[in-house]
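See structure below.
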Amino acid sequence: MAKVDAAAIAAGTSGVALMENAGGAVADVCARDWRDVRRVLILAGPGNNGGDGFVAARRLAEAGHDVVVALAGDLASLKGDAAEMAERWMGRTVDLVEAPFGWAELVVDALFGAGLSRPLDGRSAAAVRAANDSGRPILAVDVPSGLDGATGRPLGDACVRADATVTFVRLKPGHVLLPGRALCGRVHLADIGAPDSAIAAARPAAMLNRPALWRSSFPEPSIEGHKYSRGHVAVWSGPPLAGGASRLAAASALRAGAGAVTLVGPRPALEHHAAHVTAVMLRELDPRAGWSDFLADRRVNAWVFGPGAGDTEASREALDQGFSSGGCAVLDADVFSIFEDRPEELGAAIEDGGVEAVLTPHEGEFARLMGGRVEKDASKIDRAKAAAALLGATVVLKGPDTVVASPDGRAAVADNAPAYLATAGAGDVLAGIAAGLLAQGMPCFEAAAAAVWLHGEAAKSFGRGLTADDLPYAIPAALRALENGDRS
Ligand SMILES: NC(=O)C1=CN([C@@H]2O[C@H](COP(=O)(O)OP(=O)(O)OC[C@H]3O[C@@H](n4cnc5c(N)ncnc54)[C@H](O)[C@@H]3O)[C@@H](O)[C@H]2O)[C@@H](O)CC1
Ligand SMILES: Nc1ncnc2c1ncn2[C@@H]1O[C@H](COP(=O)(O)OP(=O)(O)O)[C@@H](O)[C@H]1O
Ligand SMILES: [K+]
Numbered sequence: 001m002a003k004v005d006a007a008a009i010a011a012g013t014s015g016v017a018l019m020e021n022a023g024g025a026v027a028d029v030c031a032r033d034w035r036d037v038r039r040v041l042i043l044a045g046p047g048n049n050g051g052d053g054f055v056a057a058r059r060l061a062e063a064g065h066d067v068v069v070a071l072a073g074d075l076a077s078l079k080g081d082a083a084e085m086a087e088r089w090m091g092r093t094v095d096l097v098e099a100p101f102g103w104a105e106l107v108v109d110a111l112f113g114a115g116l117s118r119p120l121d122g123r124s125a126a127a128v129r130a131a132n133d134s135g136r137p138i139l140a141v142d143v144p145s146g147l148d149g150a151t152g153r154p155l156g157d158a159c160v161r162a163d164a165t166v167t168f169v170r171l172k173p174g175h176v177l178l179p180g181r182a183l184c185g186r187v188h189l190a191d192i193g194a195p196d197s198a199i200a201a202a203r204p205a206a207m208l209n210r211p212a213l214w215r216s217s218f219p220e221p222s223i224e225g226h227k228y229s230r231g232h233v234a235v236w237s238g239p240p241l242a243g244g245a246s247r248l249a250a251a252s253a254l255r256a257g258a259g260a261v262t263l264v265g266p267r268p269a270l271e272h273h274a275a276h277v278t279a280v281m282l283r284e285l286d287p288r289a290g291w292s293d294f295l296a297d298r299r300v301n302a303w304v305f306g307p308g309a310g311d312t313e314a315s316r317e318a319l320d321q322g323f324s325s326g327g328c329a330v331l332d333a334d335v336f337s338i339f340e341d342r343p344e345e346l347g348a349a350i351e352d353g354g355v356e357a358v359l360t361p362h363e364g365e366f367a368r369l370m371g372g373r374v375e376k377d378a379s380k381i382d383r384a385k386a387a388a389a390l391l392g393a394t395v396v397l398k399g400p401d402t403v404v405a406s407p408d409g410r411a412a413v414a415d416n417a418p419a420y421l422a423t424a425g426a427g428d429v430l431a432g433i434a435a436g437l438l439a440q441g442m443p444c445f446e447a448a449a450a451a452v453w454l455h456g457e458a459a460k461s462f463g464r465g466l467t468a469d470d471l472p473y474a475i476p477a478a479l480r481a482l483e484n485g486d487r488s
């Protein structure tokens with residue numbers, strides 16, 4: 001944002017104009033979301049975030065609100081645009097320690113924004129705690145004070161818990177990554193008149209995972225196609241009594257549009273599968289040949305390994321065979337135990353086999369695979385990117401804010417998964433959807449991002465009470481949402 005601001009100013013939009021628009025947007029949200037509120041307390045910090053607060057104060061007062069500004073520090077030490085805006089504020093200003101929380105009906109948090117560089121301490125920390133404890137609704141300017149907008153984590157103990165946040169130009173990672181997203185409340189994005197050329201000057205760290213990111217490569221069935229032209233997915237089945245996970249992946253790959261899906265495994269496991277699946281095919285493993293013959297069949301164009309696979313000698317051998325067969329692969333679950341603390345070796349196996357791989361670890365599996373190689377204080381976006389670069393594969397770092405990262409540096413963050421998607425087996429479904437899309441020719445990053453989005457939409461369409469068994473049946477509703485739905 002500093003780059004965008006600088007480029008906007010260089011292109012002729014003054015900093016004062018940007019700040020006027022930013023503060024105006026804050027006042028608009030106050031008036032729209034809190035119609036009946038009259039008494040507004042604005043907590044203003046020492047920098048430009050405070051400057052936005054002074055603008056909001058003036059605009060709200062002009063609209064007939066009773067406004068008090070509680071300033072951290074003294075007026076004389078304000079600089080630049082913020083000093084200018086403070087000068088234009090004609091209403092009441094008190095010291096931060098005298099902030100009248102009891103009087104206020106709404107608190108605007110304009111203490112710190114993008115310039116936060118260390119944990120809040122002393123009077124700002126006390127004011128933030130008092131604001132949180134006041135029970136008054138809080139509207140944060142840009143980011144809740146105390147939150148690091150780049151990582152989505154508070155820098156220290158004190159952080160505003162906002163009901164809503166108004167941010168400018170583009171969302172920041174902290175608005176979508178947890179716990180930031182929860183601390184922001186409803187997020188409003190305001191255009192403050194930064195020209196497109198200025199916005200283009202900054203390369204975003206990540207994109208929101210929305211259909212616009214991958215819709216153009218989403219597979220459309222062709223009227224002249226047949227089942228094998230829609231792709232054939234092979235799912236490695238582990239031993240009997242651990243078959244549910246691979247079955248969920250297989251069913252989901254089919255629902256995501258693969259023309260054919262086969263579960264491959266030892267006969268005792270297939271006997272269990274046979275009692276459950278119909279459209280999914282079963283292929284008994286030849287104990288001498290393994291599954292490489294099957295994968296070598298050119299009509300198999302994606303394979304899934306990990307869900308319910310087990311960390312056994314047979315499993316390791318089958319995984320090796322998978323790597324030497326090449327193709328597209330979704331690697332999940334037990335793959336991260338097999339390669340515990342050996343990501344370089346996993347990356348080498350992927351590279352040597354020429355495999356186009358999508359890896360789908362949750363945080364625990366990510367830590368197991370990566371050991372201490374990725375700085376744990378880095379943002380989730382940066383951790384996923386670092387792993388993708390090391391592994392030469394698309395990494396899907398799962399959770400409520402699933403990040404998809406490509407080795408080419410692209411990243412997408414999802415914000416559409418409902419909390420009840422955290423249910424056993426949901427990850428196996430995700431692996432299957434991704435494989436189904438890969439088999440239809442979607443590139444890894446796009447397939448992984450689309451799978452994550454569809455997975456979240458499927459869960460939402462089903463609603464609470466969802467189990468992983470329900471998820472494959474909910475995929476058609478997510479596909480309909482994609483077809484009819486938002487073009488964002
Ligand atoms: N032209 C611009 O730069 C625009 C900036 N805008 C606003 O400006 C904000 C960024 O402003 P600034 O860069 O001035 O930064 P802030 O207002 O976020 O912070 C002000 C200063 O506080 C100090 N500080 C950092 N952490 C502290 C801590 N824990 N305790 C005490 N002091 C601390 C730093 O020296 C920092 O520069 C954005 O978040 C946005 O609200 C908007 O007005 C739009 C235009
Ligand atoms: N709090 C949450 N809100 C939304 N989605 C979540 C949450 N926690 C986990 N998920 C999603 O649920 C799925 C769980 O997958 P995983 O952890 O692999 O479970 P399993 O191994 O049981 O399938 C992932 O897609 C993850 O992104
Ligand atoms: K703030």
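In the UniProt record's numbering, the protein residues as written are 1 to 488.
Even glycine gets a Cβ: it sits at the ideal position worked out from N, Cα and C.
None of the values given here were measured: they were computed from a predicted structure.
The way I'd put it, the region 155 to 171 doesn't touch the region 63 to 79; fewer than three beta-carbon pairs between them come closer than 8 Å. Rounded to whole angstroms, the separation of the alpha carbons of Lys227 and Arg215 is 22 Å. Assigned with DSSP and collapsed to three states, Gly265 falls in strand. In the structure shown, Phe101 falls within a coil segment according to DSSP collapsed to helix, strand and coil. Closest option to Val26, judged by alpha-carbon separation, among Leu183, Gly80, Leu189: Leu189.
In the three-state scheme derived from DSSP, where H, G and I count as helix and E and B as strand, Pro154 is classed as strand. A direct Cα-Cα distance of roughly 33 Å separates Arg247 from Val374. With fewer than 16 other beta carbons inside 10 angstroms of its own, Leu75 counts as exposed. Listed in chain order, the non-local C-beta contacts of Gly243 below 7 Å within the same chain comprise Ser237, Ala269, His272, His273, Gly308, local neighbours out to five positions each way being set aside. The continuous beta strand (DSSP E) containing Ile42 extends over residues 39 to 44.
For Gly51 against Asp81, the beta-carbon gap comes to about 5 Å, under 8 Å, which counts as contact. Using a Cβ distance threshold of 9 Å, Thr423 and Leu466 count as a contacting pair.
Look at Asp341 here: in three-state DSSP terms it is coil, with no helix or strand label. Beta-bridge partners assigned by DSSP to Thr394: Val358.
Closest in alpha carbon position to Arg410, among Ala125, Asp470, Ala389, Asp332, is Ala389. Bounds of the beta strand (DSSP E) holding His188 are 186 to 190.
Within a 10 Å sphere around the beta-carbon of Gly456 sit 16 or more other beta-carbons, which makes this residue buried. Around the beta carbon of Val358, 16 or more other beta carbons sit within 10 angstroms, so the residue counts as buried. Contact check between the region 348 to 366 and the region 317 to 332: three or more CB pairs, one atom from each, fall below 8 Å, which counts as touching. When secondary structure is reduced to three states using DSSP, Val429 falls in the helix class. As computed with DSSP, His272 is found in no beta bridge at all. Here the residues close to ligand 3, judged by CB distance below 7 Å to any of its heavy atoms, are Asn49, Asp109, Ala110, Leu111, Phe112, Gly113, Ala140, Val141, Asp142, Val143, Pro144, Ser145, Val160 in chain order.
Distances between the C-beta of Pro266 and the heavy atoms of ligand 1 are all 8 Å or more. At least one heavy atom of ligand 2 is found less than 8 Å from the C-beta of His455. Annotation for Pro240: Pro268, Ala269, His272 place their beta carbon closer than 6 Å to its own, counting only its chain and skipping 5 residues before and after.
Taking C-beta separations shorter than 8 Å and ignoring five residues to either side along the sequence, the partners of Glu317 in its chain run Gly290, following chain order. Taking a contact to require three or more Cβ pairs closer than 8 Å, the region 137 to 145 and the region 104 to 117 qualify as touching.
Taking 8 Å as the upper bound for CB-CB distance, Ala468 and Gly425 are in contact here, some 3 Å apart.
Note that the C-beta distance between Arg210 and Pro221 is not below 9 Å.
Our two residues, Gly24 and Leu43, have alpha carbons roughly 16 Å apart in a direct line. By the 16-neighbour rule on beta-carbons within 10 angstroms, Arg298 is exposed. Looking at the backbone, the Cα of Gly193 and that of Glu344 are separated by about 46 Å.
Relative to ligand 1, Ser124 has its C-beta within less than 8 Å of a heavy atom. Proximity to Cys184 across Ala384, Val166, Ile199 peaks at Val166, based on C-alpha coordinates.
For Ala422, the distance from the CB to the nearest heavy atom of ligand 2 is below 8 Å. Beta bridge pairing from DSSP links Cys328 with Ala302, Glu356.
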